[in-house]
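First residue of the sequence shown? That's 0 in numbering that gives the first Met the number 0, and the numbers climb one at a time after it.
Here's the structure, in structure tokens; my notes come after.
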Amino acid sequence: MQLRGGEVYTPYVKQCYEGDPKMIDCFISALHHLQPYLANGIKEIELPSVEPFLMDELSLSLTGGPNGYTISLKEMMIYGASNFSMSKLKLSENGKPFEAQINIPSLKINARYQSSGVLIILPASGNGTFFGQFDDLDCMLKGKVSVNETSGERYLHVDALHVDLTVKKMRMMVKNIFKNNRILTEAINLFLRENGQEVFKVMLPQLRKKLAGLFMNISNKLLAHVPLDVFYVPLAKQTS
Numbered sequence: 000m001q002l003r004g005g006e007v008y009t010p011y012v013k014q015c016y017e018g019d020p021k022m023i024d025c026f027i028s029a030l031h032h033l034q035p036y037l038a039n040g041i042k043e044i045e046l047p048s049v050e051p052f053l054m055d056e057l058s059l060s061l062t063g064g065p066n067g068y069t070i071s072l073k074e075m076m077i078y079g080a081s082n083f084s085m086s087k088l089k090l091s092e093n094g095k096p097f098e099a100q101i102n103i104p105s106l107k108i109n110a111r112y113q114s115s116g117v118l119i120i121l122p123a124s125g126n127g128t129f130f131g132q133f134d135d136l137d138c139m140l141k142g143k144v145s146v147n148e149t150s151g152e153r154y155l156h157v158d159a160l161h162v163d164l165t166v167k168k169m170r171m172m173v174k175n176i177f178k179n180n181r182i183l184t185e186a187i188n189l190f191l192r193e194n195g196q197e198v199f200k201v202m203l204p205q206l207r208k209k210l211a212g213l214f215m216n217i218s219n220k221l222l223a224h225v226p227l228d229v230f231y232v233p234l235a236k237q238t239s
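Here it is as structure tokens:
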């Protein structure tokens with residue numbers, strides 16, 4: 000934080016004011032104001048760039064049976080999360096969760112790929128690289144927050160967060176599978192093309208949980224360094 004005119008000034012914070020009839024619009028604008036800082040990282044609070052953000056692993060069982068086709072995506076690098084637009088925000092009232100609707104135009108995933116089992120009639124065990132692109136991604140966020148006091152300052156904290164996702168268009172593919180086995184690579188890519196929505200549905204429970212944890216960590220990292228009264232200025236601290 001810096002001082003400007005005797006007041007605390009934090010470049011990545013756009014202030015909103017209690018009593019503003021367009022307060023919701025201000026909060027949405029403040030979140031959009033954060034986008035370049037999320038993309039580049041904020042050194043002063045040790046917040047790394049979210050472009051890309053890293054996710055550890057997703058394990059997916061895609062067909063049944065004793066030799067079912069399973070894949071693991073590891074060391075996932077995800078691009079595009081900072082390029083969001085928020086269309087709806089409902090603040091928490093009377094203990095009810097807050098709600099937010101955001102859209103991400105395109106989310107791209109690069110990962111290490113491992114598979115085992117049988118796909119159609121082919122043994123499909125192997126390693127390689129995975130690429131996924133998910134376009135027009137709608138995210139509904141619901142969560143609960145609390146206010147904690149430290150050294151005379153009030154801080155907001157996200158206690159719980161639920162993320163739900165829908166995607167309009169997707170493309171997934173693998174390459175460099177098992178010493179560039181062309182037949183196996185083509186079979187896997189055909190499966191991914193023809194069953195994209197089903198694969199996404201299998202991904203969804205793990206993806207929701209991991210994204211919720213990631214979004215909570217980023218939010219609380221920011222909120223722990225900015226007192227509530229700095230980004231939401233109460234009437235008592237407003238100057239005429």
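All residues carry an ideal CB built from backbone N, CA and C; glycine is no exception.
Check the DSSP bridge columns for residue 146 and list the partner residues they point to.
According to DSSP, which records beta bridges pairwise, residue 146 is partnered with 155.
Rounded to whole angstroms, what is the Cα-Cα separation between residue 154 and residue 227?
5 Å
Identity of the residue in 96, 129, 88 and 38 nearest residue 71 by Cα:
129
Excluding sequence positions up to five away, which residues of its chain have a Cβ less than 7 Å from the Cβ of residue 158?
143, 144 and 145
Which residue from 195, 188 and 150 puts its Cα closest to that of residue 166?
195
Determine which residues share a DSSP beta bridge with residue 132 and list them.
107 and 170
Going by C-alpha to C-alpha distance, which of 88, 169 and 83 sits closest to residue 25?
88
Chain-order list of residues whose beta-carbon lies under 7 Å from that of residue 18 (same chain, five-residue window excluded):
234
As assigned by DSSP and simplified to three states, the class of residue 204:
helix
Residue 169 and residue 134 closer than 8 Å at C-beta
Yes, they are a contact pair.
Need the endpoints of the beta strand (DSSP E) that residue 78 sits in, please.
69–78
Helix, strand or coil at residue 180 [DSSP, three-state]
DSSP places residue 180 in coil when its eight states are reduced to three.
Look at the alpha carbon of residue 93 and the alpha carbon of residue 141, and state the distance between them as a whole number of angstroms.
15 Å
Please report the residue range of the beta strand (DSSP E) in which residue 28 lies.
Element bounds for residue 28: not the beta strand (DSSP E) but the alpha helix (DSSP H), 22–32.
DSSP state of residue 65 mapped onto helix, strand, coil
Here residue 65 sits in coil by DSSP.
Simplified DSSP assignment, three categories, for residue 231
strand
Please work out which residues of its chain come closer than 7 Å, Cβ to Cβ, to residue 48, disregarding the five sequence neighbours upstream and downstream, and give them in chain order.
38, 39 and 40
From the DSSP output, read off the bridge partner residues of residue 42.
Its beta-bridge partners do not exist; DSSP assigns none.
Reduced DSSP secondary structure (H/G/I, E/B, other) of residue 217
helix
Taking just the CA atoms, how far does residue 131 sit from residue 152?
44 Å
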